[in-house]
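Asker:
Number of protein chains: 2
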Amino acid sequence: MTHHRLIFIGFGNVGQALARLLLRKRPELESQFDLTFSVTGITTGRHGRAINPEGLDLEKALEIMQSGGNLDAISVSPAEDGVKFIQACPGDVLFENSPVNYQTGEPAISHLRAALESGKHALTANKGPVVHAYRELSELAARANRSFFFESTVMDGAPIFSLFRSALPAARLLSFRGILNSTTNLILTRMEQGESFAQAVAYAQQVGVAETDPSGDVDGWDAAIKVAALVTVLMGIPLKPDQVERTGIREITPEKIQQAVQAGQRWKLVCMAQREGDGVMARVAPERVPITSPLYAVQNTSSIVEFHTDVLGPLSIVEENPGPETTAYGLLADFLNAVRPG
Amino acid sequence: MTHHRLIFIGFGNVGQALARLLLRKRPELESQFDLTFSVTGITTGRHGRAINPEGLDLEKALEIMQSGGNLDAISVSPAEDGVKFIQACPGDVLFENSPVNYQTGEPAISHLRAALESGKHALTANKGPVVHAYRELSELAARANRSFFFESTVMDGAPIFSLFRSALPAARLLSFRGILNSTTNLILTRMEQGESFAQAVAYAQQVGVAETDPSGDVDGWDAAIKVAALVTVLMGIPLKPDQVERTGIREITPEKIQQAVQAGQRWKLVCMAQREGDGVMARVAPERVPITSPLYAVQNTSSIVEFHTDVLGPLSIVEENPGPETTAYGLLADFLNAVRPG
């Protein structure tokens with residue numbers, strides 16, 4: 074039986090869902106994975122931070138967050154923030170869930186670097202570090218004999234990176250194509266049902282899928298950063314989001330939507346990348362897809378990616394009904410893959 | 074750099090495709106996996122058998138098969154057959170590709186047992202041993218510190234078993250649903266295009282998908298054995314093919330096909346299993362699926378499985394254009410997963 078001390082940087086929807094999942098899965102982790110865990114540190118943006126080398130009361134921490142309280146109340150000592158917290162807090166595994174920064178990847182990169190430099194596994198649902206520091210953090214992890222994993226950054230908890238890492242050895246990824254942004258797919262689905270763009274955006278915001286400023290989604294930035302992450306990691310070609318040809322969905326009018334429907338087609342914000350010589354061509358753009366396409370049936374917040382390799386016919390992964398719980402599962406899977414032997 | 078001696082039991086379409094894939098991937102296996110290989114033994118049903126502890130000339134062996142010759146010509150010594158061959162041939166990895174036996178799983182089970190008992194990894198594309206001897210062979214493999222892998226038995230080389238083994242830790246499979254038999258899916262696709270059942274069967278035979286006696290496919294046995302394999306391995310509930318409720322596609326007339334088309338639906342031979350208490354309900358039967366179903370767009374020889382777990386929304390894997398080459402890749406993946414460290 075091994076014991077693992079966990080640190081949470083960020084304790085919003087995803088962090089809390091992960092805490093609940095860990096509590097629910099605790100018996101299975103003990104019986105099937107021979108492991109126990111404690112949470113030694115949690116930091117939040119607006120609800121303080123707590124540290125306890127002997128293990129925090131995780132259920133109590135969840136209650137405090139639910140009631141809008143402050144985690145300082147359960148901390149055994151005052152704690153600094155960010156990198157200093159990570160350096161000071163005893164721990165074996167860092168879950169990094171600070172808000173994403175598309176331009177620089179900070180402060181997540183610094184958090185993950187500090188974790189690896191102090192001998193902790195560095196796990197994140199944050200796309201920024203993958204596109205802005207994949208090579209540095211991977212090399213640092215290899216030297217420290219620790220893992221830098223980020224399964225939840227693309228398609229939530231659906232296994233994409235671990236698929237290639239462990240289930241598809243010696244497969245060379247030639248190209249991929251898919252729907253990777255839930256918000257725009259939901260908006261296009263709602264517009265097909267008769268809503269205007271503004272109504273569909275409002276609906277997506279109301280159900281918690283779109284942010285107050287939806288431009289990161291509707292202008293294709295979120296999709297572009299996911300394309301860049303897949304290209305960087307799975308094709309081994311470093312690619313920044315601004316190197317992805319990018320067109321959002323603002324030009325897709327209700328008229329265009331209906332024209333597609335009448336032709337038996339659907340507008341989708343299609344992500345794709347394809348090797349070209351030693352480089353890659355990567356693009357995010359709306360496309361009309363026919364009913365024969367595997368992308369056609371992927372509606373609402375569901376997502377799909379179709380991989381073309383040198384060893385299999387087209388292989389697609391489809392994920393339905395994502396949410397904070399599925400993102401949390403991706404982090405749990407990263408944790409178990411980081412610490413289990415063999 | 075590690076060296077692995079490979080033995081092929083069965084050298085038909087799949088075995089030969091694996092040999093070609095190994096030759097093609099040899100440089101990557103050396104550079105990325107730090108491994109080299111030699112083939113020390115090959116047995117066939119009608120083209121003799123060859124043994125050479127120093128390594129057979131694999132390209133020569135392929136030429137002999139292509140020209141209809143006999144492998145005895147390149148054997149350095151006379152060799153016995155079956156289990157005795159496996160015991161006598163020096164080797165580290167056995168690829169078992171003898172013809173499938175739905176009722177008993179033999180002689181494949183004996184071949185795999187002999188491999189594990191003599192310290193070899195036991196890898197197979199044969200479904201029989203999975204449904205008839207999964208527990209015995211898994212336990213034997215664990216005791217011998219060797220692997221018993223069979224990725225290619227369901228959906229060819231698409232990663233299904235390795236997905237749960239490595240990419241979805243701590244996920245409990247609650248139910249699944251899919252299209253797992255290529256032949257019937259091709260027949261139903263052709264019938265939708267206007268062919269009779271007999272014409273569609275003849276076409277499937279002509280392109281090498283259906284066997285001379287197509288009953289194993291059209292009566293649902295192949296699908297049932299795959300359901301049994303998935304339930305046995307992924308749900309941990311031993312299930313035999315005859316415990317799967319089974320209805321084939323013989324009752325699906327061109328009239329029924331057209332009625333479905335007019336309703337915007339399609340007939341599919343749907344495989345499913347669902348936990349019920351400590352047990353499982355498993356079924357193979359034709360169903361009309363609507364256009365909103367992920368199964369609808371899966372045509373011709375493509376296949377799909379949709380997994381329902383306790384940690385993610387529905388997760389589907391879709392494989393298009395399977396063939397001997399993709400089955401061969403599943404065996405290569407098993408080999409690499411068996412021998413690579415960590």
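In the order they appear, the protein sequences are chains A and B.
In terms of this note's numbering, the first sequence opens at residue 74 and continues consecutively.
In terms of this note's numbering, the second sequence opens at residue 74 and continues consecutively.
A virtual CB, placed ideally from N, CA and C, is assigned to each residue, including glycine.
Predicted, not measured: the structure shown is a model, and the values here were computed from it.
Taking the C-alpha atoms as reference points, what is the distance between T305(A) and E224(A)?
Answerer: Walking along the first sequence from the start, residue 305(A) turns up at place 232. Walking along the first sequence from the start, residue 224(A) turns up at place 151. Approximately 14 Å, taken between the alpha carbons.
Asker: If we call anything under 8 Å between Cβ atoms a contact, is I325(A) one with L261(A)?
Answerer: Walking along the first sequence from the start, residue 325(A) turns up at place 252. Walking along the first sequence from the start, residue 261(A) turns up at place 188. Taking 8 Å as the Cβ cut-off, I325(A) and L261(A) qualify as a contacting pair.
Asker: For A336(B), decide whether its Cβ has a neighbour in chain A, counting only Cβ atoms nearer than 8 Å.
Answerer: Position 263 of the second sequence, counted from the first residue, corresponds to residue 336(B). Not one chain A Cβ lies under 8 Å of A336(B).
Asker: Give the straight-line distance between the Cα atoms of L196(B) and L405(A), rounded to the nearest whole angstrom.
Answerer: Taking the first residue of the second sequence as position 1, residue 196(B) is located at position 123. Taking the first residue of the first sequence as position 1, residue 405(A) is located at position 332. C-alpha separation (whole angstroms): 30 Å.
Asker: Would you report the Cα separation of P232(A) and M345(A), rounded to the nearest angstrom?
Answerer: Residue 232(A) sits at position 159 when you count from the first residue of the first sequence. Residue 345(A) sits at position 272 when you count from the first residue of the first sequence. Taking the straight line joining both Cα atoms gives about 18 Å.
Asker: Just the chain A side, please: which residues come within less than 8 Å of N394(B) by C-beta, in chain order?
Answerer: Your numbering for residue 394(B) matches position 321 in the second sequence. The answer, in chain order, is G386, P387.
Asker: In the DSSP assignment, the beta strand (DSSP E) including Q338(A) goes from what residue to what residue?
Answerer: Numbered from its first residue, the first sequence carries residue 338(A) at position 265. Looking at the DSSP string, the run of the beta strand (DSSP E) that includes Q338(A) is 338–349.
Asker: With distances taken Cα to Cα, identify the nearest neighbour of Q347(A) among G142(A), N258(A), I159(A), F249(A).
Answerer: Against the first sequence, residue 347(A) aligns to sequence position 274. The option with the nearest alpha carbon to Q347(A) is F249(A).
Asker: In angstroms with no decimal places, state the Cα-to-Cα distance between I364(A) and R219(B).
Answerer: Stepping through the first sequence from its first residue, residue 364(A) is reached at position 291. Stepping through the second sequence from its first residue, residue 219(B) is reached at position 146. The straight-line gap from Cα to Cα measures roughly 46 Å.
Asker: Are M228(A) and V378(A) closer than 8 Å when you measure CB to CB?
Answerer: Mapped onto the first sequence, residue 228(A) falls at position 155. Mapped onto the first sequence, residue 378(A) falls at position 305. Closer than 8 Å, so yes.
Asker: Please report the straight-line C-alpha distance between K429(B) and A146(A), rounded to a whole angstrom.
Answerer: Absent from the structure is residue 429(B), since the part of chain B shown begins at 74 and ends at 415.
Asker: At 9 Å on the CB atoms, spell out the chain A contacts of V391(B), in chain order.
Answerer: Walking along the second sequence from the start, residue 391(B) turns up at place 318. Neighbours of V391(B) on chain A, chain order: P367, I377, E379, P387, L388, S389, I390, V391.
Asker: Quick check on DSSP: helix, strand or coil for S300(B)?
Answerer: Translated into positions along the second sequence, residue 300(B) becomes position 227. Per the sequence shown, residue 300(B) should be read as Val rather than Ser. Of the three classes helix, strand and coil, the one that applies to V300(B) here is helix, per DSSP.
Asker: Buried or exposed: where does E392(A) fall if 16 or more other Cβ atoms within 10 Å of its Cβ makes it buried?
Answerer: The count along the first sequence starts at 1 and reaches residue 392(A) at position 319. By the 10 Å Cβ count, E392(A) comes out buried.
Asker: Which residues in chain B sit within 8 Å of A370(A), going by Cβ to Cβ distance?
Answerer: For the purposes of this step, residue 370(A) is taken as residue 297 along the first sequence, with counting starting at 1. What A370(A) touches in chain B: I364, T365, S366, P367, Y369, A370.
Asker: Within its chain, find whatever has a CB closer than 7 Å to the CB of S191(B); leave out the 5 residues flanking it on each side and keep chain order.
Answerer: Locating residue 191(B) in the second sequence gives position 118, counting from the first residue. Cβ within range, chain order: I159, Q160.
Asker: Just verifying my parser: in three-state terms, what is the DSSP assignment at S235(B)?
Answerer: Your numbering for residue 235(B) matches position 162 in the second sequence. Correct three-state label for S235(B): helix.
Asker: Following the continuous beta strand (DSSP E) through I377(A), name the residue where it begins and the one where it ends.
Answerer: Locating residue 377(A) in the first sequence gives position 304, counting from the first residue. Note, I377(A): beta strand (DSSP E), 376–382.
Asker: Taking 8 Å as the cut-off, decide whether the C-beta atoms of R122(B) and A152(B) are in contact.
Answerer: Your numbering for residue 122(B) matches position 49 in the second sequence. Your numbering for residue 152(B) matches position 79 in the second sequence. For R122(B) and A152(B), yes; Cβs fall inside 8 Å.
Asker: Keeping to the same chain, check which residues put their C-beta closer than 6 Å to that of G88(A); ignore five residues upstream and five downstream.
Answerer: If you number the first sequence from 1, residue 88(A) lands on position 15. Once the five neighbours on either side are set aside, the close Cβ partners of G88(A) are F81, N170.
Asker: Just the Cα atoms here: how many angstroms apart are R78(B) and S111(B)?
Answerer: In the second sequence, counting from the first residue as 1, residue 78(B) sits at position 5. In the second sequence, counting from the first residue as 1, residue 111(B) sits at position 38. Cα to Cα, R78(B) sits roughly 5 Å from S111(B).
Asker: Taking the alpha helix (DSSP H) that I260(A) belongs to, which residues open and close that run?
Answerer: Against the first sequence, residue 260(A) aligns to sequence position 187. It spans 255–265 - the alpha helix (DSSP H) in which I260(A) sits, taken as one unbroken run.
Asker: Pull out every residue of the region 98–109 of chain A whose Cβ sits closer than 8 Å to any Cβ of chain B, in chain order.
Answerer: So the close ones are K98, E101, L102, Q105, F106.
Asker: Taking the continuous beta strand (DSSP E) assigned at M308(A), which residues delimit it?
Answerer: Position 235 of the first sequence holds residue 308(A). First-last for M308(A): undefined, no H or E at that position.
Asker: Could you pull the start and end residues of the beta strand (DSSP E) that R78(B) belongs to?
Answerer: Counting from one through the second sequence, the residue named residue 78(B) turns up at place 5. It spans 75–82 - the beta strand (DSSP E) in which R78(B) sits, taken as one unbroken run.
Asker: What residues in the region 225–251 of chain B have a beta carbon less than 7 Å from any beta carbon of chain A?
Answerer: Those residues of the region 225–251 of chain B that come within reach of chain A (Cβ to Cβ, closer than 7 Å) are G230, A231, P232, S235, L236, S239, A240, L241, P242, A243.
Asker: Taking the Cβ atom as the reference point for each residue, do G321(A) and G293(A) lie within a distance shorter than 8 Å?
Answerer: Counting from one through the first sequence, the residue named residue 321(A) turns up at place 248. Counting from one through the first sequence, the residue named residue 293(A) turns up at place 220. Yes.
Asker: Give a yes or no on whether the minimum CB-CB distance between A406(A) and chain D is below 8 Å.
Answerer: The chain inventory of the structure shown lacks chain D, comprising the protein chains A and B.
Asker: With a threshold of 16 other CB atoms inside 10 Å of the CB of E103(A), please say whether the residue is buried or exposed.
Answerer: Reading the first sequence from its first residue, position 30 is the one you call residue 103(A). Looking at its Cβ environment, which holds fewer than 16 other Cβ atoms inside 10 Å, E103(A) is exposed.
Asker: DSSP has V317(B) in a bridge; who is on the other side?
Answerer: Here the question's residue 317(B) lines up with position 244 in the second sequence. Beta-bridge pairing links V317(B) to no other residue.
Asker: Could you confirm whether any beta carbon from chain B is found closer than 8 Å to the beta carbon of N254(A)?
Answerer: Position 181 of the first sequence, counted from the start, is the residue given in the question as residue 254(A). So, not an interface residue.
Asker: Considering just the uninterrupted stretch of the alpha helix (DSSP H) at T365(A), what are its terminal residues?
Answerer: Locating residue 365(A) in the first sequence gives position 292, where the first residue counts as 1. It is not in any alpha helix (DSSP H) - T365(A) carries neither H nor E in the DSSP assignment.
Asker: Can you list the alpha helix (DSSP H) stretches of 4 or more residues lying completely in the region 194–239 of chain A, in chain order?
Answerer: Listed in chain order, the complete alpha helix (DSSP H) runs (minimum 4 residues) inside the region 194–239 of chain A are 200–217.
Asker: Assign D290(A) to buried or exposed, taking buried as 16 or more other Cβ atoms, counted over all protein chains shown, within 10 Å of its Cβ.
Answerer: By 1-based counting over the first sequence, the position of residue 290(A) is 217. Buried, because 16 or more other Cβ atoms sit within 10 Å of the Cβ of D290(A).
Asker: Would you be able to state if there are at least three C-beta pairs under 8 Å between the region 205–214 of chain A and the region 234–242 of chain A?
Answerer: The region 234–242 of chain A is not in contact with the region 205–214 of chain A.
Asker: Quick one, which of V362(B), A401(B), T285(B), V353(B) has its alpha-carbon nearest G230(B)'s?
Answerer: For the purposes of this step, residue 230(B) is taken as residue 157 along the second sequence, with counting starting at 1. The shortest C-alpha separation from G230(B) is found at A401(B).
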